[in-house]
Ligand SMILES: [Zn+2]
């Protein structure tokens, strides 16, 4: 059975990862849509990196939750399994997932704007802000996709290919409002997959879902595994 799981911020919410939409006092005067952009970084790399350093510290303190663990377990149980995630926090990998397509990059990755080197940097807090490339001392940027940037081509084409070739497609904790998360489940469905949605709220995917579980990620995924 070919299983695909698409996850969004909802699965990490149970680990206490905020959505970074202005609730925390420290950064609430900033709009993420104004910090997570190439323009903001060009104007003030230090400010943008301070924000990412703060987010990285929160994520480092968080733990993967039951939802992450169930997804990792599915990978062990089903030989043709892939996870497609919009999350950048790396909690899926910490729970043991290996077959992961990251649509929006990874907050633990850095990329050098000078030499193009790309590597994982797990130190929190960062000793120097903005951080410098270990190869050439050039300016590093976070290895995530910013507003206004295109998604990584390899990840995107793999995600489409996997969605076209699925028996069961499970959407967890994403409002599925933005491209391509809005589109992948519908492609899977059109190509014959059973579509399962886990979300406390209705989403634009709900009318197309064969099964829709109005649950948080952990509880909903536990029920899904009983169905498979
Ligand atoms: Zn470099």
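In my numbering, the protein residues as written are 862 to 1089. For every residue, glycine included, the Cβ atom is placed at its ideal position computed from N, Cα and C. What you are looking at is a predicted structure, and each value in this text was computed from that prediction instead of being measured.
- The way I'd put it, the region 1009-1023 doesn't touch the region 1031-1038; fewer than three beta-carbon pairs between them come closer than 8 Å.
- For the pair residue 1027 and residue 863, the CB atoms are nearer than the 8 Å cut-off.
- Residue 907 and residue 988 have their C-alpha atoms roughly 13 Å apart.
- Taken through DSSP and simplified to helix, strand or coil, residue 963 comes out as strand.
- Assigned with DSSP and collapsed to three states, residue 1057 falls in strand.
- In the DSSP secondary-structure assignment, residue 1005 is bridged to 966.
- Taken through DSSP and simplified to helix, strand or coil, residue 1031 comes out as strand.
- With fewer than 16 other beta carbons inside 10 angstroms of its own, residue 1088 counts as exposed.
- The set of residues with a C-beta under 6 Å from any non-hydrogen atom of ligand 1 comprises 973, 975, 976, 978, 994, 996, 997 and 999, given in chain order.
- In this structure, DSSP gives residue 993 an extended state, which the three-state scheme calls strand.
- In the DSSP annotation of this structure, the continuous segment of the alpha helix (DSSP H) that includes residue 920 starts and ends at 906-922.
- If you look at residue 1072, you'll find it isn't in any alpha helix (DSSP H); it sits in the beta strand (DSSP E) that goes 1072-1074.
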